[in-house]
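Colleague:
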Amino acid sequence: MNKSINKYLYYLGTGVILFFALYIIATNLLEKTYYTLYVNEKMTGEFRKVEGLEDSKGQINMYNYNVPGFGLQNKKINVLVTKTAPLYILFNQKTQEIEYVTDNVKKLNEYLRN
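The numbering used here puts the first residue of the sequence shown at -14, with every later residue one more than the last.
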């Protein structure tokens, strides 16, 4: 009887561990992609949302504003000066890689939709 209880507990524990591992793998694969948007422009008076940006899926959950050549900046971004239009840099939060760079909000909207 003691052996059958130990065998039952062994199989139960193994099943729980396997189920948990499969659950972690499945949630990691099905996780929604989130982005960080860096906005490089000459001068920013206040932190504000980007005008004209349509993020209907809610993929961008963090905004950072940088003045090129001034202050702390991400080491992957090497921009000294932007002309008149701000430069939008979209980072994948999971991999911390640059996904898309543009100076046009409409092109950024198209990228987020697709």
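Every residue gets a Cβ at the ideal spot worked out from N, C-alpha and C, and that includes glycine.
Taking the C-alpha atoms as reference points, what is the distance between residue 17 and residue 44?
Modeller: Taking the straight line from one Cα to the other gives about 8 Å.
Colleague: Relative to the C-alpha of residue 21, which residue among 88, 91, 72, 83 is closest?
Modeller: For residue 21, the nearest C-alpha among the options comes from 83.
Colleague: Assuming residue 94 and residue 39 make a contact with CB atoms under 8 Å, what is their CB distance in whole Å?
Modeller: Residue 94 to residue 39, Cβ: 5 Å. Contact.
Colleague: When DSSP labels each residue in this structure, what does residue -9 get in the three-state scheme?
Modeller: Reduced to three states, the DSSP call for residue -9 is helix.
Colleague: Identify whether residue 84 lies in helix, strand or coil by the three-state DSSP scheme.
Modeller: If DSSP states are grouped into helix, strand and coil, residue 84 belongs with the strands.
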